[in-house]
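Notes for the one structure printed next.
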Amino acid sequence: MIQARDLRKSFGSVEAVRGIDLDVPRGEAFGFLGPNGAGKSSTMRMVAAVSPPTSGTLRILGLDPLTDGPQIRARLGVCPQEDTLDPELNVRDNLVVYGRYFGIPRSEVRDRADELLEFVQLTEKAKARVEALSGGMKRRLTIARSLINKPDLLLLDEPTTGLDPQARHVLWDRLFRLKQQGVTLVLTTHYMDEAEQLCDRLVVMDKGLIVAEGAPLELIRAHSTREVAELRFGVTETHQELVGRVADLGERVEALPDRLLVYCQDGEEVIAKVHERGLQPAAVLVRRSTLEDVFLRLTGRTLVD
Ligand SMILES: Nc1ncnc2c1ncn2[C@@H]1O[C@H](COP(=O)(O)OP(=O)(O)OP(=O)(O)O)[C@@H](O)[C@H]1O
Ligand SMILES: [Mg+2]
């Protein structure tokens, strides 16, 4: 569905994408995980055939976006990072008018709009003004709109950013159903739990480059430990100053401003030893490693700062 080789995008002197390779097969749910400015949206816009690559090769659905843009766009669904709904139109007409751009006959587009409103649970809002929708409802409407042309490939740029947990779970459920129906999903996110839930495979992006690639669990196994003991101390010493006192208890220790992370196989054992040493953390937590830990390991930074 997507093949890229040494793909690059510059804006003047800013290199947003600095040479990436991608291969996304049909039916896969593929993710770009990375912090602000990593180059995720710049990549998505090239894949959506709305932003020409500065260099490198790119094939979407086997076609070249430089020469076959309209043909590619006809088969894509695009959910941009910022909602671009038409505030002049009601909820249902946003779908109908968008569908008409694709040349879908009027009666057919109306039926499809109704089905899609049902799919994203907005049937009761069909006549409402877009401005009267909550953020989560707007996001669901944008996703419904991206499906009006029955796309083979759905591109979602941060589909759930800013939504509350319940709205995110509703969206995850809808996206999972689309995947089951055979739609290829490509999404960006800086939520590691979203990447873990939805993606068969993902790339971790940072500063315009891919720094790791694999299935979520593969990445965690390759770059982190089974468990993490999180220790929060009071304010008498900084977490950085305490690293030396726990460094030998795990395979690796990271000091964040608000906590120490001890990467280990058995977190409870680490915490017992911390107490044996007379250290008294104000709070402790044992958890399994996540993609956030992978990102921290690879870049030395957290995903959301
Ligand atoms: N149209 C543009 N003109 C100039 N610079 C741009 C443009 N679009 C993106 N950039 C720059 O390219 C870099 C990558 O931006 P991009 O939007 O691709 O990142 P992102 O990973 O999507 O980040 P975010 O998580 O904040 O959405 C940034 O330094 C950004 O300022
Ligand atoms: Mg972005």
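When the letters of the sequence shown are read in order and numbered with the numbering used here, they come out as residues 308 to 612.
From the three backbone atoms N, C-alpha and C, an ideal C-beta is built for every residue, glycine too.
Based on the DSSP output, what are the partners of residue i in its beta bridges?
| i | result |
| --- | --- |
| L568 | E537 and E561 |
| E431 | DSSP, once it has assigned bridges, lists no residue as partnering E431. |
| V593 | A536 |
| D330 | Q310 |
| F337 | V493 and R508 |
| I367 | I309 and L370 |
| G384 | L461 |
| R436 | N397 |
Find out if the Cβ-Cβ distance for the pair residue i, residue j is shorter than 8 Å.
| i | j | result |
| --- | --- | --- |
| L462 | A336 | no |
| I309 | I367 | yes |
| V510 | F602 | no |
| L605 | M499 | no |
| V477 | Q428 | yes |
| A323 | G515 | yes |
| L460 | V493 | yes |
| R608 | P342 | yes |
| L370 | L448 | no |
| R452 | N401 | yes |
| R399 | L424 | yes |
| L340 | A502 | yes |
| R552 | Y570 | no |
| F409 | I450 | no |
| V331 | T495 | no |
| G489 | D471 | no |
| V581 | L556 | yes |
| P394 | E465 | no |
| L563 | V550 | no |
| A345 | D600 | no |
| I327 | I517 | yes |
| S348 | Q388 | yes |
In this structure, how does DSSP classify residue i when only helix, strand and coil are distinguished?
| i | result |
| --- | --- |
| S362 | strand |
| D600 | helix |
| A519 | strand |
| R528 | helix |
| V324 | strand |
| G574 | helix |
| F318 | strand |
| N456 | coil |
| N343 | coil |
| R481 | helix |
| D500 | helix |
| D513 | strand |
| E389 | coil |
| Q583 | First, the residue type needs correcting, since residue 583 is Glu and not Gln in the sequence shown. E583 falls in the helix class under three-state DSSP. |
| L610 | coil |
| Q487 | helix |
| V404 | helix |
| F426 | helix |
| E544 | coil |
| D421 | helix |
| L470 | coil |
| S441 | coil |
| P307 | Outside the shown range of the chain (308 to 612) lies residue 307, about which nothing can therefore be said. |
| G410 | coil |
| A355 | coil |
query = Below 8 Å, can you find three or more Cβ-Cβ pairs linking the region 314-329 to the region 348-364?
reply = yes
ask   = Between the region 525-542 and the region 573-583, do at least 3 Cβ pairs fall closer than 8 Å?
value = yes
task = Kindly confirm or deny that the region 428-440 and the region 358-376 touch, where touching means at least three C-beta pairs closer than 8 Å.
result = no
message = With three or more beta-carbon pairs closer than 8 Å as the criterion, would you say the region 482-489 touches the region 395-411?
response = no
ask   = Is it a yes or a no for the region 383-400 touching the region 523-532, going by three-plus beta-carbon pairs under 8 Å?
value = no
task = Would you list the residues whose beta-carbon is nearer than 7 Å to any heavy atom of ligand 3, in the order they occur in the chain?
result = As far as ligands go, the structure on display features ligand 1 and ligand 2 and does not contain ligand 3.
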